[in-house]
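Position 80 (the sequence shown) corresponds to 604 in this note's numbering; numbering is contiguous. Just below is one structure, and these are the notes that go with it.
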Amino acid sequence: PSYMSAPANASAASGSVPTPLEPGFCIDCSLAHGKTPFEPIQGRNVRWYNCGPTVYAPSHMGHARNYLTFDIIRRIMMHYFHLNVELVMNITDVDDKIITAAREAGVDINTHARKYEKEFFEDMASLGVLPPTHLTRVTEYIPQIHDFIQKIIDHGYGYPAEGSVYFDVAAFRRTHTYGKLEPGSVGQTQLVDEAEGKLADSRGKRS
Numbered sequence: 525p526s527y528m529s530a531p532a533n534a535s536a537a538s539g540s541v542p543t544p545l546e547p548g549f550c551i552d553c554s555l556a557h558g559k560t561p562f563e564p565i566q567g568r569n570v571r572w573y574n575c576g577p578t579v580y581a582p583s584h585m586g587h588a589r590n591y592l593t594f595d596i597i598r599r600i601m602m603h604y605f606h607l608n609v610e611l612v613m614n615i616t617d618v619d620d621k622i623i624t625a626a627r628e629a630g631v632d633i634n635t636h637a638r639k640y641e642k643e644f645f646e647d648m649a650s651l652g653v654l655p656p657t658h659l660t661r662v663t664e665y666i667p668q669i670h671d672f673i674q675k676i677i678d679h680g681y682g683y684p685a686e687g688s689v690y691f692d693v694a695a696f697r698r699t700h701t702y703g704k705l706e707p708g709s710v711g712q713t714q715l716v717d718e719a720e721g722k723l724a725d726s727r728g729k730r731s
């Protein structure tokens, strides 16, 4: 996923005045189900979060397409619209795929993850993709992630089972619209299985 600080409808809630850009600069907003004029919240400053790779294996053509596409958009924003783009990318450097691959390779998780993180950025550099302004890693934010998950449980939208924590879709649906950003993804078992990981014990999972 890739997220930019917000289009017009979010700027009103923040209390700040959006900066109008040249006509024709729109984004495809899945919430609005169509093209929405892009208006930065803070002058001409844009804060962009771009989900980085899960570094368990060499990068592939899917990575190339994804990050080249975002790089082109980023350059257009910077050099044509003259926006100040601050891009944050996160690296998933611990998950079931990485743990399994590290075990098979006979190395520790950190060594395995750093190897493929380094290769990923080398590949991106060879394609001419600009590096992110800021780079973060999952392992650097474990306490914050733990606290965030605990808040989900405390609000009644998550529950522990067999060493995992699951999102309670039924509880969420009682007060919210589930999947409104990507309705086509709701019920896709392949996405669910990928998110849960190979090492998860699904006993105790409610749905």
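Heads up, the beta-carbon is just placed ideally off N, CA and C, and yes, glycines get one too.
Same chain, Cβ closer than 6 angstroms to residue i, five either side skipped, listed in chain order
| i | result |
| --- | --- |
| alanine 626 | Ile633 and His636 |
| proline 684 | none |
| threonine 713 | none |
| arginine 727 | Glu686 |
Identity of the residue in the options nearest residue i by Cα
| i | options | result |
| --- | --- | --- |
| valine 618 | Ala581, Thr713, Lys559 and Tyr683 | Ala581 |
| valine 609 | Leu654, Ser554, Ala685 and Phe696 | Leu654 |
| arginine 571 | Pro656, Thr663 and Ile669 | Pro656 |
| isoleucine 676 | Ala695, Thr660, Glu686 and Ile600 | Ala695 |
| isoleucine 565 | Leu607, Phe594 and Gly586 | Leu607 |
| histidine 587 | Ile600, Ile597 and Gly576 | Gly576 |
| alanine 649 | Asp595, Thr660 and Asp678 | Asp595 |
| asparagine 590 | Asn574, Glu628, Arg599 and Arg697 | Asn574 |
Cross-strand partners of residue i (DSSP beta bridge)
| i | result |
| --- | --- |
| arginine 661 | Ile615 |
| glycine 682 | Phe691 |
| valine 609 | Val570 |
N-terminal and C-terminal residue of the beta strand (DSSP E) that residue i is part of
| i | result |
| --- | --- |
| threonine 578 | 569 to 578 |
| proline 561 | 558 to 561 |
| isoleucine 551 | 550 to 553 |
Contacts around residue i, its chain only, beta-carbon distance under 8 angstroms, and the 5 residues preceding and following it disregarded
| i | result |
| --- | --- |
| glutamate 706 | Ser554 |
| histidine 700 | none |
| alanine 629 | His636 |
| threonine 660 | Val612, Met613, Asn614 and Ile615 |
Nearest-angstrom Cβ-Cβ length linking residue i and residue j, presumed shorter than 8 angstroms
| i | j | result |
| --- | --- | --- |
| tyrosine 681 | aspartate 692 | 5 angstroms |
| histidine 658 | valine 612 | 5 angstroms |
| valine 662 | asparagine 614 | 7 angstroms |
| glutamate 643 | serine 583 | 7 angstroms |
| lysine 729 | tyrosine 702 | Lysine 729 to tyrosine 702, Cβ: 17 angstroms. No contact. |
Alpha helix (DSSP H) segment containing residue i, residue limits
| i | result |
| --- | --- |
| tyrosine 591 | 585 to 603 |
| histidine 636 | 633 to 650 |
| alanine 629 | 620 to 629 |
Residues near residue i in its chain [Cβ-Cβ closer than 7 angstroms; skip 5 each side]
| i | result |
| --- | --- |
| serine 538 | With a pLDDT of 42 at serine 538, under the threshold of 50, the modelled position of this residue cannot be trusted; read the value that follows with caution. Hits under 7 angstroms: Ile565. |
| leucine 592 | Leu651 and Val653 |
| isoleucine 597 | none |
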